[in-house]
Amino acid sequence: MEVKGRTACSLVKRMNHPGNAEALGEIIAEIRLLTKHDAEVRLLLADAGAVSLLAHHLLASSPIATPSSLENASAALLNISISAREPLMSTPGFLDALAHCISPAASADVAQNIAAVVFSLLSVDSYRPIIGSKKTLLSALIALIAAPDPDARTVKDVLRALFGVGLYALNRATMVDLGVVRPLFSLVTEDSRPGVAEDALAVIAKVAGCWESLRNFRNESGIRILVNLVDRKTGASRRARENAVAALLNLATSGGDAAVAEIRQFEEAEAVVKELVENEISVRATSKAVALLNALEKRRRNPVESHWIRDFDLLDISTSHTSSEWTSN
1 MEVKGRTACS LVKRMNHPGN AEALGEIIAE IRLLTKHDAE VRLLLADAGA
51 VSLLAHHLLA SSPIATPSSL ENASAALLNI SISAREPLMS TPGFLDALAH
101 CISPAASADV AQNIAAVVFS LLSVDSYRPI IGSKKTLLSA LIALIAAPDP
151 DARTVKDVLR ALFGVGLYAL NRATMVDLGV VRPLFSLVTE DSRPGVAEDA
201 LAVIAKVAGC WESLRNFRNE SGIRILVNLV DRKTGASRRA RENAVAALLN
251 LATSGGDAAV AEIRQFEEAE AVVKELVENE ISVRATSKAV ALLNALEKRR
301 RNPVESHWIR DFDLLDISTS HTSSEWTSN
């Protein structure tokens with residue numbers, strides 16, 4: 001461990017005084033390689049001051065920052081985030097640096113690394129409101145999925161990050177205000193690449209859990225899209241159907257009578273939800289469908305009476321990175 005500590009301090013010292021851009025790039029590449037294969041050296045590098053230097057490099061201009069050095073710096077920060085999240089979050093300007101270096105014009109590798117860093121940080125509950133308050137960072141992530149013909153892996157990594165942001169309930173209105181709803185529904189209806197629509201629906205189901213979402217869903221014909229996806233006849237996957245019914249339930253929960261009435265405007269809504277209950281595609285989907293069906297039936301019986309719908313799993317904060325957990329609550 002002592003040798004690793006000296007190595008970390010030496011790398012940080014060399015990065016402080018690299019001599020030229022080429023030497024700096026080589027040092028960053030070495031840091032990336034070390035952090036990839038050695039979990040112990042990640043915290044040692046963070047303690048030695050590597051995080052602030054790598055973050056500063058993300059803010060640098062050419063020729064100091066090259067495409068290769070930016071990719072290596074962002075990858076090194078991703079590796080460090082796996083073992084040492086607190087040093088990243090406590091580094092002044094760190095989140096601003098992440099926002100600065102990603103845009104639709106950024107390289108796919110850098111964008112993927114940054115999105116993965118954000119998702120890694122969001123595994124810590126207390127960081128979610130902090131990250132959610134960084135509108136420049138959220139806007140940059142949303143711009144990536146709104147870009148024409150975005151890279152598939154970039155889209156999936158960004159959706160994972162946005163899903164993590166949405167795990168904190170108070171972030172959802174911010175996401176809606178920043179315009180996340182339109183590109184999410186565009187991915188659902190226009191992107192045929194495997195898993196993209198399901199992942200987008202997982203995020204939609206999260207942002208549906210705020211009052212502000214109803215108007216935006218209406219503007220994008222979102223309720224119609226979700227009802228269609230619940231319908232088995234449309235051929236949607238099990239996970240898509242489950243996320244769609246979760247989104248409708250969360251919309252009904254957050255939007256109350258107005259949202260329930262809008263869902264009921266679609267004559268087939270109640271029938272397709274009943275069919276989902278009867279077919280029991282999963283325990284989770286069935287429980288959500290039953291709760292939604294109760295809300296719809298209550299509205300039919302008492303069309304004028306106001307009612308409150310139980311808050312149904314809006315605060316499930318599972319942070320598993322496995323695909324099996326990519327079903328929203």
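Going by UniProt numbering, the sequence shown wraps up at 329, each residue one higher than the last. Note that the Cβ used here is the ideal one computed from N, Cα and C, for glycine as well.
The beta carbons of L178 and L121 sit no closer together than 8 Å. Excluding its 5 nearest sequence neighbours in each direction, A75 has C-beta neighbours in its own chain below 6 Å: R32 and N113, listed in chain order. Rounded to the nearest angstrom, the Cβ distance from V181 to S221 is 11 Å, too far for a contact under 8 Å.
Excluding sequence positions up to five before and after P92, its CB lies within less than 8 Å of the CB of S52, all in the same chain and listed in chain order. Collapsing the DSSP output to three states places A143 in a helix. Ranked by Cα distance from A291, the options A161, E242 and S123 are led by E242. E212 carries a coil assignment under DSSP once its states are collapsed to helix, strand and coil. In terms of Cβ geometry, A48 and A8 form a close pair [threshold 8 Å]. If you ignore the 5 residues before and after V158, its C-beta comes within less than 7 Å of the C-beta of A115, L141, L144 and I145, all in its own chain and listed in chain order. Rounded to the nearest whole angstrom, the C-alpha separation of V117 and L45 is 17 Å.
Less than 8 Å separates the beta-carbon of L276 from that of A289. With respect to the 8 Å criterion, L58 and A108 are not classified as neighbours on the basis of their beta carbons.
Annotation for N79: R32, T35, K36 and R42 place their beta carbon closer than 8 Å to its own, counting only its chain and skipping 5 residues before and after.
Take the alpha-carbon of L187 and the one of F217: they are about 14 Å apart.
Your pair V245 and A285 checks out as a contact, with CB atoms roughly 6 Å apart and the cut at 8 Å. In this structure, DSSP gives F94 a helical state, which the three-state scheme calls helix.
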